[in-house]
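Encoded as structure tokens, the structure appears first; notes follow it.
Residue numbers (my numbering), protein chains in the order written: chain Y, 154 to 517; chain D, 1092 to 1834.
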């Protein structure tokens, strides 16, 4: 029997945190694009957020179990679309990432594959109930993520490909991966990574991955973005320079201040206090998500929510880590704050599924 | 479905995830703490450097004026191309485009970028000086593609043309790295334009101003968003020389294109009134950046055009040395009653020494000291040298400054050589041969003098033994705060040295010198009617007669040098002149050159009254647009060409024409009638007292053109006479600026 699903069970607290972060993001987008050709982007961001909210409400009405049942089909479609990107995609800046779907609309499938992978892993582990995982099962589960990851890497889009990794890691960890298996994977990854580094990666990828370690080594080129980010953040001080007052942001020294480096722009204008405040909000969002996972009606639901946690955490770690100089420049946006339709829609869609999981916690 | 414990995700693992999240956020929080709290000041300063650009405001160098305030060296406005290095761009990638647009060698640009690497990023470097209008247009048109290019206004040096007075003035150039290593240049920085020779070098501290700067807030594209503050440039101070332009013109014309040097000096004060050296060079070709070819040509030219022969040539003085011999002989009490019978030569120490008269198959007969001087009898002075001995000769010559620097305020003065027994042992480890003394007696052998040294010695003898320090700038004209420094520098050369000479003796000598320019003497043709012009000729061999016979087929480089040292009037002279005519064969040619200079001087003195009224008229007439024309900053309403040439790149170089032409009738006081400005065929009209007849010897056609740029500064240091006399016609300025170094 199914209990009536009501919006009373909607996670209003989570939504409040999410909307607060989004609002801060909109204000910062306004401030950062004031003197650029992107002026007015904050308005478009509001539209994206509103679209995302609608999408979230819609998806929250659909039972996640229904989604899980459709996963095999969705997975096949994902693989096909990734392949077709490789074969027929639009080449832009040296990489094929988009499929043109009539007129000026472009579709980047790799972003949506993330969501499907979360569901796929949840489905896989919902049916897999052993306390400990055998190595064969581990490889099987890993390749569910590994195949699309390789396809995206081939585009080449290392940034997006990397975002698939935490989905697998989280699922395997929660699914009961053994410690020795984890060690074996890390070891073999290292053995693959070293020759891959030597022969597989393109020079610009290597540069981007290493320059953050020493941004002054090449300040005019790859280190420039890192350096400018550090200067913007550092010069913000404790209290910041105020909205629209950040000299590095307003003077266009900070690269892409409304997308990838929005947190640097925010930190310059709102200082250490502001940065910690936003970090705290993100922390609350993640904790709230985990709470939802803990109260999920079944294993699959918990896996779905934890997959979302994994993706969000990874985005936050890589993006904010890049802003403070701990991480390489990978072009991974900050969820909820960075300007961009794909990122906003993905986040709200993922949250919509989480909402559904939460609303069904008393079902069955 | 059955929901057992198996159905739940391991709570321990979820807690583990929570701890991982906490760890990640603590790490990120630490990242912000490190940047925004711990090192906040450091990043704040980087942020300032990021956005604040310092643009230099170049200070114009001070003008160089003649003794009456007429402008000899001026500045003209020009544009320089700047390279902003604080851009985010890869400069090396743009080098080829920049090189094409600015007509430069890409390698030159790369080395320049490299040279400035050590300096702060926000300091732009000057890529090219004095860019042409089309280069200016290129920069303006490529603001978006090449945002690192910018332009800056600068004053460039405008020197007289055709090498007029080039050796006194010198030239400017960018301070070299070798110079920067030396202590006196330690406060200068790479890229500074400093004097490199002549007065420009010697008085660089006065002439060079202090560059100012402007701080601007810029965005990452280099666009100026806000002005912060401005430190205005302090222009260099004008420097007044002791040179008299009228006399300088006369001297330049008198020497023409002959190799050699002329110095005219006031023997009472040491003020240099005129100084010429030939061959000459065009300092305008250094005013921008000299090309390698032009430089190589100048340094390899056999005539050594960069050498100021007036102070750097070290040559045998020939018979002019006989004045020093006579002084020594008379003071030692040997010469006064000495009589020698000249038979065309005489034997000393077993060797026969000829008198110059023997070449004419004549003899001097009985010769005393007076006739010895005006007839320049060698035998008399051979005998005198034998009796005095090298020691006494060297003693007197040294007292009179032979073989020593005079301390003239021009760089790199040579010292010359006065040989003696000690000198020979010290330098050659050889004994002095008695026969060498005989050669020294007529100014040959090892003795070598500079023209300025010879002038100081001989004019000093005629001035009762008062030896002055020659100078081109009067202490009184040096700004007071810098006086001490220059005094200290030349402390080892006192302004006045008194050598005790019996008045009876120098009277004998000067009387004899006066006879030189009479039919009795060796330079009768140098006589000036109604002028008491006394002097001494000299003909100095470069190599021995035997050597000459062997080597020469009359080749110019072995021709004898002609010398003349003269004073006017013979008692208490007002002017002393030395002429070195290299390859001039006979001293009397040099004497004729000297007589032209002296005549010009005397004419000027006598015509002074007439000229003065002429100049005085112009003084109270400061044409209002004169300064604007010069600085290019004023509104210049009457003629839009001036104000706008700076910004309209398609225009020709600034065209400055006399205001009388621009505003006919507007300034009746200005009298351009006698001074047809800047037309090539114009006479050297700024010296109206000068009769046209002096130009007979060879007047370079270009010198009248130089008259065009002279102006007079009034009491406030403002240019008063500019529009009357100042005129830069397009062609003239073009040649002045389009130096070979440009393209």
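Idealized CB from N, CA, C, for every residue including glycine. Note that the structure is predicted; figures quoted are calculated from it, not measured.
Check: Three or more beta-carbon pairs under 8 Å between the segment 1522 to 1530 of chain D and the segment 1382 to 1397 of chain D, yes or no?
Finding: No: the two stretches stay apart, fewer than three of their Cβ pairs being nearer than 8 Å.
Item checked: chain D contacts from the segment 387 to 401 of chain Y (Cβ-Cβ distance under 8 Å) -> 387, 388, 389, 390, 391, 400, 401
Note to self: Using the three-state DSSP reduction, which class does residue 1589/D fall into: helix, strand or coil?
What the structure shows: strand
Notebook entry, point to check: First and last residue of the beta strand (DSSP E) that includes residue 1557/D?
Noted result: 1557 to 1559
Item checked: Whole-angstrom distance between residue 1190/D and residue 1064/D, CA atom to CA atom -> Residue 1064/D falls outside the range modelled here, since chain D spans only 1092 to 1834, and no answer is possible.
Check: What did DSSP end up calling residue 301/Y once you bin it into helix, strand or coil?
Finding: Correct three-state label for residue 301/Y: helix.
Next item on the list: Could you please give me the residues that DSSP links to residue 1366/D through a beta bridge?
Entry: 1354/D
Check: Where does residue 1632/D sit, in a helix, a strand or coil, going by DSSP?
Finding: DSSP, reduced to helix, strand and coil, places residue 1632/D outside both helices and strands of the structure shown, so it counts as coil.
Note to self: For residue 469/Y and residue 1306/D, what's the separation of their Cα atoms in angstroms?
What the structure shows: 39 Å
Next item on the list: Indicate the three-state DSSP secondary structure (helix, strand or coil) for residue 1719/D in the structure shown.
Entry: Here residue 1719/D scores only 35 on pLDDT, less than 50, and its place in the model should not be relied on; the value that follows carries that caveat. Of the three classes helix, strand and coil, the one that applies to residue 1719/D here is helix, per DSSP.
Margin query: Please list, in chain order, the residues of the segment 1180 to 1196 of chain D that have any C-beta partner in chain Y closer than 7 Å.
Written below: 1181
Check: How do the segment 425 to 440 of chain Y and the segment 1114 to 1132 of chain D stand: do at least 3 beta-carbon pairs fall below 8 Å, yes or no?
Finding: yes
Checklist line | Interface residues of the segment 453 to 470 of chain Y facing chain D [CB-CB below 9 Å] | finding: 455, 456, 459, 462, 463, 466, 469, 470
Item checked: Pairwise C-alpha distance: residue 1500/D and residue 1459/D -> 40 Å
Next item on the list: Could you spell out where the beta strand (DSSP E) holding residue 1652/D opens and where it closes?
Entry: 1652 to 1659
Check: So, is the C-beta of residue 1130/D closer than 8 Å to a C-beta in chain Y?
Finding: At a cut-off of 8 Å between beta-carbon atoms, residue 1130/D makes contact with chain Y.
Checklist line | Which listed residue (1146/D, 1155/D, 1151/D, 1187/D) has its alpha carbon closest to that of residue 1175/D | finding: Answer by Cα proximity: 1146/D.
Item checked: Closer than 8 Å at the beta carbon, the chain Y residues around residue 1499/D -> In chain order: nothing, as chain Y lies at least about 52 Å away.
Notebook entry, point to check: Can the beta-carbon of residue 1265/D be found less than 8 Å from the beta-carbon of residue 1284/D?
Noted result: Cβ atoms of residue 1265/D and residue 1284/D: closer than 8 Å.
Check: Do you know offhand how far residue 1612/D's Cα is from residue 1670/D's?
Finding: Between the alpha carbons of residue 1612/D and residue 1670/D lies a distance of about 18 Å.
Check: Closer than 9 Å, Cβ to any Cβ of chain D: which residues of the segment 431 to 455 of chain Y, in chain order?
Finding: 432, 433, 435, 436, 439, 440, 443, 446, 447, 449, 450, 451, 452, 455
Check: What's the C-alpha gap between residue 1109/D and residue 466/Y?
Finding: 11 Å
Notebook entry, point to check: So is residue 1441/D buried or exposed if we call it buried at 16+ other beta carbons inside 10 Å?
Noted result: exposed
Note to self: So residue 1414/D and residue 1600/D are supposed to be a Cβ contact under 8 Å. How far apart are they, rounded?
What the structure shows: 6 Å
Next item on the list: May I ask you to report which of helix, strand or coil DSSP gives residue 1316/D?
Entry: Residue 1316/D falls in the strand class under three-state DSSP.
Checklist line | Contact set between residue 424/Y and chain D, taken where Cβ atoms lie within less than 8 Å | finding: 1127
Note to self: Based on DSSP bridge pairs, tell me the residues matched to residue 1099/D.
What the structure shows: Per DSSP, none; premise fails for residue 1099/D.
Next item on the list: Would you check if the segment 1616 to 1625 of chain D and the segment 1555 to 1575 of chain D touch, i.e. whether three or more CB-CB distances between them fall below 8 Å?
Entry: no
Notebook entry, point to check: How would you label residue 238/Y, buried or exposed, when you count the other beta carbons within 10 angstroms and need 16 or more for buried?
Noted result: buried
Next item on the list: Would you mind stating whether residue 317/Y and residue 270/Y have Cβ atoms separated by less than 8 Å?
Entry: yes
Next item on the list: Indicate whether residue 1364/D and residue 1353/D have their beta-carbon atoms separated by less than 8 Å.
Entry: no
Checklist line | beta strand (DSSP E) runs wholly inside the segment 1405 to 1457 of chain D, at least 3 long, in chain order | finding: 1431 to 1433, 1436 to 1439, 1442 to 1445
Next item on the list: Flag residue 1137/D as yes if its beta-carbon sits less than 8 Å from any beta-carbon of chain Y, otherwise no.
Entry: yes
Margin query: Restricting to runs no shorter than 4 residues, where is the alpha helix (DSSP H) found entirely within the segment 1243 to 1290 of chain D?
Written below: The DSSP assignment places 1257 to 1260, 1268 to 1271 as complete runs of the alpha helix (DSSP H) inside the segment 1243 to 1290 of chain D, in order along the chain (cut-off: 4 residues).
Item checked: Buried or exposed by the 16-neighbour rule on C-beta atoms within 10 Å, applied to residue 398/Y -> exposed
Next item on the list: Could you tell me which residues DSSP pairs with residue 1626/D in its beta bridges?
Entry: 1657/D
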